[in-house]
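Counting along the sequence shown from 1, when you hit position 198 you're at 354 in the working numbering, and nothing is skipped either side. Think of the CB as a built atom: it goes at the ideal place given N, C-alpha and C, for glycine as much as any other residue. Right, one structure below, let's go through it.
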Amino acid sequence: MADFLSTAKIAELLGPQARSLLEHRCETIRRDSLHLPGPDFIDRVMIPTDRKPAVLGNLQRLFNAGRLGGTGYISIFPVDQDIEHAAGASFAMNPSMFDPETIVRLALESGCSGVASTFGVLGAVARKYAHKIPFIAKINHNEFLSYPNTYDQTLFGSVNKAFEMGAIGIGATIYWGSEQSRRQIQEVADAFEQAHELGMFTILWCYLRNSAFKTKKQDNHLAADLTGQANHLGVTIHADIIKQKLPENNGGYLDPELKGFGKTHPLIYEKLTTDHPIDLTRYQLANCYMGRIGLINSGGASTGANDLAESVRTAVINKRAGGMGLIAGRRAFQRPFQEGVQLLQAIQDVYLNPEITVA
Numbered sequence: 157m158a159d160f161l162s163t164a165k166i167a168e169l170l171g172p173q174a175r176s177l178l179e180h181r182c183e184t185i186r187r188d189s190l191h192l193p194g195p196d197f198i199d200r201v202m203i204p205t206d207r208k209p210a211v212l213g214n215l216q217r218l219f220n221a222g223r224l225g226g227t228g229y230i231s232i233f234p235v236d237q238d239i240e241h242a243a244g245a246s247f248a249m250n251p252s253m254f255d256p257e258t259i260v261r262l263a264l265e266s267g268c269s270g271v272a273s274t275f276g277v278l279g280a281v282a283r284k285y286a287h288k289i290p291f292i293a294k295i296n297h298n299e300f301l302s303y304p305n306t307y308d309q310t311l312f313g314s315v316n317k318a319f320e321m322g323a324i325g326i327g328a329t330i331y332w333g334s335e336q337s338r339r340q341i342q343e344v345a346d347a348f349e350q351a352h353e354l355g356m357f358t359i360l361w362c363y364l365r366n367s368a369f370k371t372k373k374q375d376n377h378l379a380a381d382l383t384g385q386a387n388h389l390g391v392t393i394h395a396d397i398i399k400q401k402l403p404e405n406n407g408g409y410l411d412p413e414l415k416g417f418g419k420t421h422p423l424i425y426e427k428l429t430t431d432h433p434i435d436l437t438r439y440q441l442a443n444c445y446m447g448r449i450g451l452i453n454s455g456g457a458s459t460g461a462n463d464l465a466e467s468v469r470t471a472v473i474n475k476r477a478g479g480m481g482l483i484a485g486r487r488a489f490q491r492p493f494q495e496g497v498q499l500l501q502a503i504q505d506v507y508l509n510p511e512i513t514v515a
């Protein structure tokens with residue numbers, strides 16, 4: 157018996173959406189125009205870039221790790237919400253996660269490709285685990301202890317420190333659209349350049365953040381046209397992988413409350429996208445140089461009983477859009493350890509299932 161979820165089980169988890177998600181064919185941006193994930197992705201897509209051999213080697217190490225090793229897909233376990241939101245708010249449901257070793261063990265025992273966390277978490281167990289699973293040091297964070305609360309990504313450590321602790325990649329967030337975004341662009345671009353000099357790969361959390369984006373019409377933080385442009389800005393500062401939230405709507409540039417904001421084109425809405433989630437995610441991928449830079453989508457916040465089904469749905473949409481994988485944290489670590497393992501492996505099973513193909 158195969159060691160991954162059957163297509164029938166995946167369809168059961170998808171429920172009424174199963175046929176739409178599993179049988180959809182993308183007629184907007186066709187799959188034959190994309191640079192898709194695969195076992196040869198580094199040789200086929202990354203070799204022509206300006207990345208140093210050491211960067212390519214560390215990317216290959218990421219792609220070779222865990223249950224998805226050798227497929228070209230990746231499954232990353234991220235834990236930085238203890239800084240972003242608060243340790244208590246993040247770990248109260250599962251207090252064992254206050255211990256950094258539990259975080260790394262969960263990633264390792266789930267067969268993840270890598271673990272992305274803070275300087276403190278990774279540094280606390282680096283000598284024991286950095287050689288066992290790829291470490292990705294998240295170098296900037298927002299924090300909610302300052303009063304009043306605000307949203308701004310601030311550097312919490314240096315690229316050199318990440319390198320010294322054995323991390324083979326760094327992650328950073330830019331809040332595109334925020335008042336602080338241009339400073340963040342400069343900080344992260346400099347950090348990515350330094351990381352590449354040291355042979356480390358780079359992952360950008362490519363999130364929109366501006367209260368004005370949430371209008372009477374919709375939450376434009378999740379609009380495909382705006383998140384797509386955020387991706388396109390992210391790849392130009394040499395992100396090797398883009399992390400983005402799954403799009404839920406479109407037409408952010410057309411929102412009447414954002415009149416005069418940015419520039420767009422009618423063909424984006426008439427020809428390059430539809431309202432289907434796979435087509436909207438395909439547009440995000442197109443903005444990552446047609447997949448030359450891999451797109452991983454966020455697993456999202458934990459909502460309880462539906463976490464497994466929602467995680468599988470996100471993985472199906474990402475894979476069928478041409479994406480490279482999923483980065484899922486809260487849905488896994490805010491539940492008992494073995495349940496977290498099972499959820500992360502269910503996500504991986506979507507990418508291991510050969511019947512789930514690119515639309």
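Pick from the options that is closest to residue i, judged by C-alpha positions
{"i": "ILE397", "options": "ASN443, LEU410 and LEU423", "result": "ASN443"}
{"i": "ALA323", "options": "GLY228, GLY447, ARG283 and GLY481", "result": "ARG283"}
{"i": "THR392", "options": "PRO251, THR429 and ASP206", "result": "ASP206"}
{"i": "SER302", "options": "ILE239, LEU402 and SER189", "result": "ILE239"}
{"i": "GLN156", "options": "PHE319, LYS415 and LEU311", "result": "Nothing about residue 156 can be reported from this structure: the residues present for the chain run from 157 to 515 only."}
{"i": "ILE232", "options": "ALA243, ALA318 and GLY327", "result": "GLY327"}
{"i": "ASN366", "options": "GLN342, GLU349, GLY408 and PHE291", "result": "GLY408"}
{"i": "GLU404", "options": "GLY456, ALA286 and GLY313", "result": "GLY456"}
{"i": "SER252", "options": "GLN504, LEU499 and ARG491", "result": "ARG491"}
{"i": "GLY234", "options": "HIS180, LEU192, LEU215 and PRO290", "result": "In the sequence on display, residue 234 carries Pro and not Gly. Measuring from the Cα of PRO234, the nearest candidate turns out to be PRO290."}
{"i": "ILE512", "options": "ARG469, GLN342 and TRP361", "result": "ARG469"}
{"i": "ALA347", "options": "LEU499, VAL277 and ALA318", "result": "ALA318"}
{"i": "HIS180", "options": "PRO433, THR163 and GLN494", "result": "PRO433"}
{"i": "TRP361", "options": "ASN453, GLN374, LEU499 and PRO193", "result": "ASN453"}
{"i": "ASP411", "options": "LYS399, LEU378, GLN440 and ASN296", "result": "LEU378"}
Paired residues, beta bridge with residue i - DSSP
{"i": "TYR363", "result": "TYR331"}
{"i": "LEU482", "result": "SER231 and ASN453"}
{"i": "SER273", "result": "VAL235 and ALA293"}
{"i": "LYS370", "result": "ASP375"}
{"i": "GLY325", "result": "ILE292 and PHE357"}
{"i": "ASN405", "result": "ALA379"}
{"i": "LEU414", "result": "According to DSSP, LEU414 bridges with nothing at all."}
{"i": "LEU311", "result": "ASN296"}
{"i": "LYS399", "result": "TRP361 and ILE452"}
Sub-9 Å separation of residue i and residue j beta-carbons
{"i": "ILE330", "j": "LEU262", "result": "no"}
{"i": "HIS241", "j": "PHE300", "result": "yes"}
{"i": "ALA471", "j": "LEU451", "result": "no"}
{"i": "MET321", "j": "GLY279", "result": "yes"}
{"i": "LEU382", "j": "GLY333", "result": "yes"}
{"i": "VAL497", "j": "GLU257", "result": "no"}
{"i": "ALA386", "j": "LEU414", "result": "no"}
{"i": "ARG448", "j": "ILE185", "result": "no"}
{"i": "SER273", "j": "ASP236", "result": "yes"}
{"i": "ILE359", "j": "ILE292", "result": "yes"}
{"i": "GLY325", "j": "LEU161", "result": "no"}
{"i": "THR371", "j": "ASN406", "result": "no"}
Status (buried if at least 16 other CB within 10 Å, exposed otherwise) for residue i
{"i": "ALA380", "result": "buried"}
{"i": "LYS294", "result": "buried"}
{"i": "MET157", "result": "Unreliable positioning characterises MET157 in this predicted model, as indicated by a pLDDT of 36, which lies under 50. The coordinate reading is nonetheless provided below. Label assigned to MET157: exposed."}
{"i": "LYS288", "result": "exposed"}
{"i": "THR227", "result": "buried"}
{"i": "ARG338", "result": "exposed"}
{"i": "ALA502", "result": "buried"}
{"i": "GLN504", "result": "buried"}
{"i": "ASP435", "result": "buried"}
{"i": "ASP431", "result": "exposed"}
{"i": "ALA351", "result": "buried"}
{"i": "LYS427", "result": "exposed"}
Cβ of residue i within 9 Å of any chain C Cβ
{"i": "ARG283", "result": "The chain labelled as chain C is not found in the depicted structure, where only one protein chain is given."}
Q: For the stretch 211 to 226 and the stretch 252 to 269, state whether three or more C-beta atom pairs, one from each stretch, are separated by less than 8 Å.
A: Taking 8 Å as the limit for Cβ pairs, the verdict is that the stretch 252 to 269 does touch the stretch 211 to 226.
Q.
Would you call the stretch 162 to 171 in contact with the stretch 454 to 463, where contact means no fewer than 3 C-beta pairs closer than 8 Å?
A. no
**Q.** Cβ contact (3+ pairs, closer than 8 Å) linking the stretch 480 to 489 and the stretch 412 to 432
**A.** no
**Q.** Three or more C-beta pairs below 8 Å linking the stretch 297 to 314 and the stretch 246 to 254
**A.** no
(Q) Would the stretch 199 to 215 count as touching the stretch 351 to 367 if we require 3 or more Cβ pairs under 8 Å? (A) yes
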